[in-house]
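>
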Amino acid sequence: MSRPVRIAIVGLGFGAEFIPIYQAHPEAEMYAICRRSQTELDQCGDKFGIKKRYSDYTELLRDPNVDAVHINSPIPDHAPQAIAALEAGKHVACTVPMGVSKDECRRIVELQRKTGKVYMMMETVVYSREYLFAKDLYDRGVLGRVQFLRGSHQQDMDGWPNYWPGLPPMWYATHCVSPCLALLSDPAAGKVALADSVVCHGSGRIREELIPKYNSPFAVETATFTIKDSDVVAEVTRSLFDTARQYRESFDVTASNVSFEWQQCEGEDPVLHMRGLPEPQIPRRVKVPDFAGRLPEPIRPFTGAIHDATHLSFLQGAGHGGSHPHLAHNFLMAVLGRQPAFPDAVTSANWTMVGLCAHESAMSRGARVAIPTY
Ligand SMILES: NC(=O)c1ccc[n+]([C@@H]2O[C@H](COP(=O)([O-])OP(=O)(O)OC[C@H]3O[C@@H](n4cnc5c(N)ncnc54)[C@H](O)[C@@H]3O)[C@@H](O)[C@H]2O)c1
10 MSRPVRIAIV GLGFGAEFIP IYQAHPEAEM YAICRRSQTE LDQCGDKFGI KKRYSDYTEL
70 LRDPNVDAVH INSPIPDHAP QAIAALEAGK HVACTVPMGV SKDECRRIVE LQRKTGKVYM
130 MMETVVYSRE YLFAKDLYDR GVLGRVQFLR GSHQQDMDGW PNYWPGLPPM WYATHCVSPC
190 LALLSDPAAG KVALADSVVC HGSGRIREEL IPKYNSPFAV ETATFTIKDS DVVAEVTRSL
250 FDTARQYRES FDVTASNVSF EWQQCEGEDP VLHMRGLPEP QIPRRVKVPD FAGRLPEPIR
310 PFTGAIHDAT HLSFLQGAGH GGSHPHLAHN FLMAVLGRQP AFPDAVTSAN WTMVGLCAHE
370 SAMSRGARVA IPTY
């Protein structure tokens, strides 16, 4: 493609955070926005100076000027909208999760292969500075042999939009699953670690009125999963309702030389545990560096590393560990054919299905569930 990639963003709550990033990216044109409410659509369009506006997603897909859609709609819409976009010949970036059934994941993988278009699930954690720090240590051999991986994602979703109440915790598990699998992957070399089976237990019980929508009673779901061609096992824990816990996305790597532990409470620096030191000296808190240097200069401020007045107007894009500009950049580079999307469709399906299969296991009192490979 000899011109900038024309992007349309669908869903303008969380989705709006990506608008200024695409506007600043030298190889993107922030072309169109879409949401159902015309008033709020216009408010957003006026704020960011975007002329092309659609209140109907189907109409947007008919626009031949749209190269790629970036979907940020409610969870049940992710897969139907991604499928429709691929069928319309558009590249697709979609917020997490890929879908809410194994069938949806399979259909997206099949369509991506058939159309040759890019599909990328916009998983924030694997571009957060904490994850990138751990990954860098692992790739440089500092951690040694990985012995065990653990992720958790705890959030109180009371009061969130109507598709959340009662959602099975593991249906939204990619934030804790993805770092475990991504750490062991090397997408540039075509090596991607995929989970192949999962065992999950449900624990506790949410309020009765929350249960019927998804028929999911558990307050907490906790799972272990195996990884194809690896002796490493990972453990993930999720909660969404009726659990007292400050928001936590955490990721721990237990390894032979140095282990990494991310986040007990908001604002605490991660900890490195160094093997071979006297016991009190084993743990050490570390300041995680920023990885903005990996990005084109104009979008570097969006990692949030630069907190000066000049850049304050950009900082709404700096959430989730500075991941947003990395996600937008990786997607654009994949559309331009310069590097693989990470996660691509197969990987996104696997990360999503660990959670879907985990919930299936929890509903079968912990029976092992094989994770399909496509
Ligand atoms: N860290 C992360 O990866 C992260 C963080 C926040 C949100 N999310 C995901 O982003 C998505 C959106 O989150 P949110 O908090 O903005 O949700 P929201 O429900 O507040 O907003 C959804 C947006 O989608 C629009 N929309 C709904 N149906 C549509 C349709 N058919 N066509 C066009 N637009 C439509 C709505 O108008 C609204 O602008 C969710 O799926 C959520 O899981 C991911």
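Be aware that the sequence shown starts at 10, since it is given in my numbering, and climbs by one per residue.
Ideal placement from N, C-alpha and C gives every residue a C-beta, glycine not left out.
None of the values given here were measured: they were computed from a predicted structure.
#1: Based on Cα-Cα distance, which residue from S212, H34, K126 lies nearest to S370?
#2: Pull up the CB-CB distance for A143 and F27, whole angstroms please, since I reckon it's below 8 Å.
#3: Following the continuous alpha helix (DSSP H) through L50, name the residue where it begins and the one where it ends.
#4: Using three-state DSSP, classify L21 as helix, strand or coil.
#5: In three-state terms, what does DSSP make of G160?
#6: Which residues in the same chain as C103 place their Cβ atom closer than 7 Å to its Cβ, once the five residues preceding and following it in sequence are excluded?
#7: Would you kindly work out how many angstroms separate the C-alpha atoms of R15 and K126, rounded to a whole number?
#8: Helix, strand or coil for E26? Go by DSSP, reduced to three states.
#9: Can you tell which of S194, A232, V118 has the C-alpha that lies nearest to the C-alpha of G375?
#10: Please check the pair K99 and V75, which I expect to be a contact at CB under 8 Å, by giving their CB distance rounded to whole angstroms.
#11: Taking all protein chains shown into account, do 16 or more other C-beta atoms lie within 10 angstroms of the C-beta of N224, making it buried, or fewer, making it exposed?
#12: If we count Cβ pairs, one from each stretch, closer than 8 Å, do we get three or more for the segment 114 to 122 versus the segment 175 to 182?
#13: Just mark W169 as buried or exposed, buried being the case when its beta carbon has 16 or more other beta carbons within 10 Å.
#14: Within the same chain, show all residues whose beta-carbon is closer than 8 Å to that of Q32, passing over the 5 residues directly before and after it, in chain order.
#15: Under 8 Å by Cβ, that's how I've got P289 and E139 pegged, so tell me the actual separation to the nearest angstrom.
#16: Just the C-alpha distance for D167 and L345, rounded to the nearest angstrom, thanks.
#17: Taking only runs of the alpha helix (DSSP H) that begin and end inside the segment 244 to 286, which ones reach a length of at least 4 residues, in chain order?
#18: Helix or strand or just coil, what does DSSP make of E306?
#19: Indicate whether R247 and C189 have their beta-carbon atoms separated by less than 8 Å.
#20: Hey, how far is the Cα of S322 from the Cα of A25?
#21: Hey, I380 and V363 are a contact pair by Cβ (cut 8 Å); roughly how many whole angstroms apart?
#22: Here's the rule: buried if 16 or more other CB atoms are within 10 angstroms of the residue's CB, otherwise exposed. What is G20?
#23: Buried or exposed: where does P29 fall if 16 or more other Cβ atoms within 10 Å of its Cβ makes it buried?
#24: Excluding sequence positions up to five away, which residues of its chain have a Cβ less than 6 Å from the Cβ of L336?
#25: Give every residue of the same chain whose Cβ lies closer than 7 Å to the Cβ of H329, excluding the five residues on either side of it in the sequence, and list them in chain order.
#26: Taking 8 Å as the limit between beta carbons, can you name the residues of its chain near G390, skipping five residues before and five after?
#27: Check E119 in the structure and name its three-state DSSP category.
#28: Give the DSSP-derived three-state secondary structure of R347 in the structure shown.
#29: If I measure Cβ to Cβ from A243 and keep anything under 6 Å in the same chain, skipping five residues before and after, which residues do I get?
Judging by the given coordinates:
#1: What you label residue 370 is simply residue 361 of the sequence shown in a count that begins at 1. Looking at the Cα atoms, S212 is the closest of the given residues.
#2: Your numbering for residue 143 matches position 134 in the sequence shown. Your numbering for residue 27 matches position 18 in the sequence shown. Going by Cβ atoms, the distance from A143 to F27 rounds to 25 Å, so no, they are not a contact pair.
#3: Here residue 50 corresponds to residue number 41 of the sequence shown, with the count starting at 1. 47 to 57 is the extent of the alpha helix (DSSP H) around L50.
#4: The count along the sequence shown starts at 1 and reaches residue 21 at position 12. Correct three-state label for L21: coil.
#5: The residue given as residue 160 occupies position 151 in the sequence shown. Strand, per DSSP.
#6: Start at 1 with the first residue of the sequence shown, and residue 103 comes out as number 94. Result list for C103: I80, H87, A91, M130, M131, in chain order.
#7: Taking the sequence shown and counting its residues from 1, the one referred to as residue 15 is at position 6. Taking the sequence shown and counting its residues from 1, the one referred to as residue 126 is at position 117. Looking at the two C-alpha atoms, the distance is approximately 14 Å.
#8: Numbered from its first residue, the sequence shown carries residue 26 at position 17. Helix, per DSSP.
#9: Sequence index remark: in the sequence shown, residue 375 carries index 366 (1-based). Checked all of S194, A232, V118; the closest Cα to G375 is A232.
#10: Numbered from its first residue, the sequence shown carries residue 99 at position 90. Numbered from its first residue, the sequence shown carries residue 75 at position 66. Contact flag correct, Cβ pair sits at about 6 Å.
#11: As a working note, residue 224 is residue 215 in the sequence shown. Under this definition N224 is an exposed residue.
#12: no
#13: Along the sequence shown, one-based indexing puts residue 169 at 160. Looking at its Cβ environment, which holds fewer than 16 other Cβ atoms inside 10 Å, W169 is exposed.
#14: The residue you call residue 32 lines up with position 23 of the sequence shown. So the qualifying residues of the chain are M39, F57.
#15: The residue given as residue 289 occupies position 280 in the sequence shown. The residue given as residue 139 occupies position 130 in the sequence shown. No, P289 and E139 are not in contact; Cβ-Cβ is about 24 Å, not under 8 Å.
#16: Your numbering for residue 167 matches position 158 in the sequence shown. Your numbering for residue 345 matches position 336 in the sequence shown. Distance between the alpha carbons of D167 and L345 is about 40 Å.
#17: none
#18: Locating residue 306 in the sequence shown gives position 297, where the first residue counts as 1. Three-state DSSP puts E306 in a helix.
#19: If you number the sequence shown from 1, residue 247 lands on position 238. If you number the sequence shown from 1, residue 189 lands on position 180. No, Cβ-Cβ distance for R247 and C189 is not below 8 Å.
#20: For this step, residue 322 is matched to residue 313 along the sequence shown. For this step, residue 25 is matched to residue 16 along the sequence shown. Residue placement at S322 cannot be trusted, given a pLDDT of 39 that sits under 50; what the coordinates show is reported in the next sentence. Rounded to the nearest angstrom, the two C-alpha atoms are 13 Å apart.
#21: Position 371 of the sequence shown holds residue 380. Position 354 of the sequence shown holds residue 363. That pair is a contact at about 6 Å.
#22: If you number the sequence shown from 1, residue 20 lands on position 11. So G20 ends up on the buried side.
#23: In the sequence shown, counting from the first residue as 1, residue 29 sits at position 20. Buried, by the Cβ-count rule.
#24: Residue 336 sits at position 327 when you count from the first residue of the sequence shown. Cβ neighbours of L336 beyond the five flanking positions: M131, Y136.
#25: Counting from one through the sequence shown, the residue named residue 329 turns up at place 320. So the list reads T133, S137, once near-sequence residues are dropped.
#26: Because the chain is modelled from 10 through 383, residue 390 falls outside the range shown and cannot be assessed.
#27: Position 110 of the sequence shown holds residue 119. It is helical.
#28: Translated into positions along the sequence shown, residue 347 becomes position 338. Coil at R347, not helix or strand.
#29: As a working note, residue 243 is residue 234 in the sequence shown. Excluding sequence neighbours, A243 sits near L158, C189, F234.
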